[in-house]
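Structure first, then comments.
In the working numbering, the protein residues as written are 80 to 688.
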């Protein structure tokens, strides 16, 4: 009898221990799938005594009848948040697979107090204000969008369960918000599913999620299998989730997370003064006029940073090592120059009069957080998309110190353009045939169609002289046009990759080179080409924004057919002496006197040896 009593007490103790270790697990599936993808894994977890909730997102799986063009990422985040709230779940282990990483990131941001641990299973790891399309570069070849739903090449509604169910495209386009400091403190595990024929070390170099997890200080695990390893080894994945929930030491430090996810900054009294002067008109200096390559002795880079939404200048005498003129502080203060109190995508070029021509996007993506506006964007994102704006900033100078300034509303100047979503990434180039500066930039309509439009600027560079017209055969964004040996080379961005086209005419007749130009496997944008003075070598510079952290990448070419990868900024031969992580930049040329004058003004030493 005593032995039976002891056995009963032991059994109750074990049951109590089991209850103490019970986990509430919320599982979020990937694109085109449904809660069914977790069916067997969930059964193993339930057999282990855990409370498991498989969420099927709106428009997918058994809820496919709810699929409409209005379904977006917020809809899917609501699906998971409402499951947690209505089931009154606390201390949960939140798990997401593939596209589900976008969803659980938004859930973390909304209700971090309900979450014990987060597990990204071979999942998307976005930064704040990134979309799934930003991470993967758009839909894969062979896909098509019908009535707001993406049909992938593997679309098969007759499978059991249906595979490749059409997925609401709005969920891929909408950017996630990830700015809650409490969410940053949550312990997170990133799991890479690694096939048997893949080297984990090589995977670490190319996996954007892995790189971002490392930068944030998360725990990183690997698991053998394909991208759908939970269907190949559901017992193993169930055990993996149970083990990952114990990784409580994976909470990132504030410094690590700040490095991986820049936060907006308001202007600070600690910044160096810009030492810039806005003037109403310019007086050309003696000797102003056309410059040739032989007149130039160095380079000037303009770039911006997300943290400040301001623009910066850096100088170089060799085209490899650049020094920021203002010790890493802004020279062009977006709060003073733009309608939205921020500037992005600066571009600097030389004109036939010897002047510097600067254009920038008038846009602050964190404007609401800093009190510049009350809404997320100037206009509803559902109608006009992410980052909607209507103005470009136009500036002109002969000495880099005194500048004229115009904040130019494209939509008001040309109402015939209709209701444009945006006027992004303006650039300028001199057209010798017209003897004018051509301004070209991205215009998007209906939150979908983005193309490059161009128009000539007036001599004062304060306005455009004619209605911008579309450059045909270039569907994309972030165009860069350079004349080489009488032909025009246009680099642009399509599906988050750098593309190349060539024409004999500056605004039409472009023929696109097949395939991706840049050597990256993650998303890129913002191409810019400059020549190494005195050589036949050209440098292609671009933003590797899919990397973690964001950085510039560089390639060299002499024939625009083959390219040599130079690596990323401060990681290869292209370096900065007093700054890092420049974004969406451009490089142009300067004479020795211009460089010395600017360096003296900002108290920078230059070496021409």
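Don't be surprised by glycine CBs; every beta carbon is placed ideally from N, CA and C.
This one's a predicted model, so the numbers in the text were calculated from it and none came from an experiment.
Where does residue 119 fall in DSSP's three states?
Three-state result, residue 119: helix.
Which residue comes first and which comes last in the alpha helix (DSSP H) that contains residue 284?
279–285 is the extent of the alpha helix (DSSP H) around residue 284.
Hey, would you say residue 164 sits closer than 9 Å to residue 183, going by beta carbons?
No, these two residues do not count as a Cβ contact at 9 Å.
As a quick exercise: from 576, 578 and 569, pick the residue whose alpha carbon is nearest that of residue 587.
For the residues 576, 578 and 569, the minimum Cα distance to residue 587 belongs to 569.
Below 8 Å on the Cβ atoms is my guess for residue 662 versus residue 385; work out the distance and round it to an integer in Å.
Sure, about 6 Å apart at Cβ, within 8 Å.
Name the one or two DSSP bridge partners that residue 559 has.
Answer is 570, bridged to residue 559.
Quick one: which unbroken beta strand (DSSP E) runs of 3-plus residues sit fully inside the segment 360–432? Chain order, please.
With a minimum length of 3 residues, the continuous beta strand (DSSP E) runs that stay inside the segment 360–432 are 375–384, 389–395, 400–403 and 422–429.
Who pairs with residue 554 in a beta bridge, going by DSSP?
DSSP output for residue 554 lists 530 as bridge partner(s).
Assign residue 333 to one of two classes, buried (16 or more other C-beta atoms within 10 Å of its C-beta) or exposed (fewer than that).
Note that residue 333 scores a pLDDT of 48, beneath 50, so its modelled location is shaky; the value from the coordinates is reported in the next line. The residue in question, residue 333, is exposed, as its Cβ has fewer than 16 Cβ neighbours within 10 Å.
Can you list, in chain order, the residues of its chain with a C-beta nearer than 7 Å to that of residue 186? Leave out the 5 residues immediately preceding and following it.
If we look at residue 186 and ignore the five residues flanking it on each side, its Cβ neighbours are 156, 159, 160 and 173.
Would you report the Cα separation of residue 535 and residue 412, rounded to the nearest angstrom?
The alpha-carbon atoms of residue 535 and residue 412 are separated by roughly 26 Å.
Touching or not, the segment 357–375 and the segment 395–407, by the rule of three or more beta carbon pairs under 8 Å?
Short answer: they don't touch.
Check whether the segment 641–649 touches the segment 436–444, taking contact to mean three or more Cβ pairs, one atom from each stretch, closer than 8 Å.
Result no; under three Cβ-Cβ pairs closer than 8 Å.
Extract the residue ranges of the alpha helix (DSSP H) inside the segment 101–175, only unbroken runs of 4 or more that lie entirely within it.
Here the runs fully enclosed are 118–126 and 152–165.
Note the first and the last residue of the continuous alpha helix (DSSP H) segment covering residue 650.
Looking at the DSSP string, residue 650 is not in any alpha helix (DSSP H), and its letter there is neither H nor E.
If we count the other Cβ atoms within 10 Å of its Cβ and call it buried at 16 or more, is residue 359 buried or exposed?
Exposed is the call here.
Is it true that the segment 662–680 meets the segment 601–614, where meeting means three or more beta-carbon pairs spaced less than 8 Å apart?
Enough Cβ pairs lie closer than 8 Å, so yes.
Give the single residue among 531, 492, 115 and 105 whose Cα lies nearest to the Cα of residue 507.
Per the Cα distances, 531.
Within the continuous beta strand (DSSP E) that includes residue 198, where are the two ends?
Here the beta strand (DSSP E) through residue 198 covers 194–200.
Which of the three DSSP states is assigned to residue 300 in this structure?
Residue 300 falls in the strand class under three-state DSSP.
Quick check: the Cα distance between residue 224 and residue 193, rounded to an integer number of angstroms?
If I take the Cα positions, the gap works out to 36 Å.
How would you label residue 727, buried or exposed, when you count the other beta carbons within 10 angstroms and need 16 or more for buried?
An answer regarding residue 727 cannot be provided, because it is not within the stretch 80 to 688 covered by the chain.
Would you say residue 644 reaches chain C, if we count a Cβ-Cβ gap shorter than 9 Å as a contact?
Protein chains in the displayed structure number just one, and chain C is not present.
The beta strand (DSSP E) that contains residue 518, what's its start and end?
Segment 515–524, the beta strand (DSSP E) holding residue 518.
I'd like to confirm the pairing. Which residues does DSSP put opposite residue 356 in its beta bridges?
According to DSSP, residue 356 bridges with 481.
On the three-state DSSP scale, how would you describe residue 271?
Three-state DSSP puts residue 271 in a strand.
Expressed to the nearest angstrom, what Euclidean distance is found between the alpha-carbon atoms of residue 657 and residue 145?
The alpha-carbon atoms of residue 657 and residue 145 are separated by roughly 53 Å.
Flag this pair as touching only if the segment 262–273 and the segment 305–325 have three or more C-beta atom pairs under 8 Å; answer yes or no.
Yes: the two stretches touch, three or more of their Cβ pairs being nearer than 8 Å.
Quick one: Cα of residue 285 to Cα of residue 635, how far?
When rounded, the distance between both Cα atoms is 21 Å.
Exposed or buried, residue 357, counting other C-beta atoms within 10 Å across all chains shown (16 or more means buried)?
Looking at its Cβ environment, which holds fewer than 16 other Cβ atoms inside 10 Å, residue 357 is exposed.
Quick check: the Cα distance between residue 188 and residue 277, rounded to an integer number of angstroms?
Computed Cα separation, rounded: 33 Å.
Give a yes or no on whether the C-beta atoms belonging to residue 179 and residue 140 are separated by under 9 Å.
It is not a contact, given that the beta carbons lie outside the stated cut-off.
Using the beta-carbon count (16 or more within 10 Å), is residue 564 buried or exposed?
That one is exposed.
Distance check for residue 452 and residue 428, CA to CA, integer angstroms please.
Approximately 32 Å between the Cα atoms of the pair.
Decide if residue 682 is buried, meaning its Cβ has at least 16 other Cβ atoms within 10 Å, or exposed.
When all chains shown are included, residue 682 counts as exposed.
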